[in-house]
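A short worksheet on the structure shown next.
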Amino acid sequence: MKDIKFVFAGEDTELQRNSVPMLARCFEEWQIFQAKNGNRFTFREISFVALDKNDEIVGHVGIMPFDVLDGNNNVIRMAGIASVGTDPDFRGRGIAAKLCRMAAEWADDNGFDCLPLYTSFNRVYESCGWKNYPMRPISLTNRDCKKQKGRK
């Protein structure tokens, strides 16, 4: 991986936007996303990217920050891993694993309590130390939703 550079791309940056075409080469849902939205992320995500020797994006990992309340109304800061992809020509080199480690370190350094990951592709993440914990489906809701829509 000596010819790969790993960088923090941030949020709503040119590097982040330039990762959309690479993600679209990896996943059909990103092709649909790009067709609808161009290269602009329509949601909040903090990005990390891998660049080849020509500074072309060959890998991406994002963090979607959000807060949840536990049963005692304590805020738990979550940093959900999202938008993980490696250009098909660069797979098998540990790029996604290194980007996931960078994202986890960033989340830890920035005071997040939990790093959830929702995927059916466990192999990559297990190689980074993630554990698979089966859980029943949950729903996250905004408790003020009815007020925001003008309902009583």
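Mapped onto the working numbering, the consecutive letters of the sequence shown carry residue numbers 935 to 1086. Idealized CB from N, CA, C, for every residue including glycine.
Asked	Found
Please classify residue 956 as buried or exposed, where buried requires at least 16 neighbouring CB atoms within 10 angstroms.	buried
So for residue 975, helix, strand or coil by DSSP?	coil
Between residue 947 and the rest of its own chain, which residues show a CB-CB distance below 8 Å, the 5 nearest in sequence each way excluded?	981
Would you report the Cα separation of residue 970 and residue 1038, rounded to the nearest angstrom?	30 Å
Quick one: grab the DSSP three-state call for residue 1050.	coil
Name the DSSP beta bridge partners of residue 951, please?	The partner list for residue 951 (beta bridge, DSSP) is empty, contrary to what the question assumes.
Residue 1012 by DSSP, collapsed to three states: which one?	strand
Over what stretch of residues does the beta strand (DSSP E) that includes residue 1001 continue unbroken?	991 to 1003
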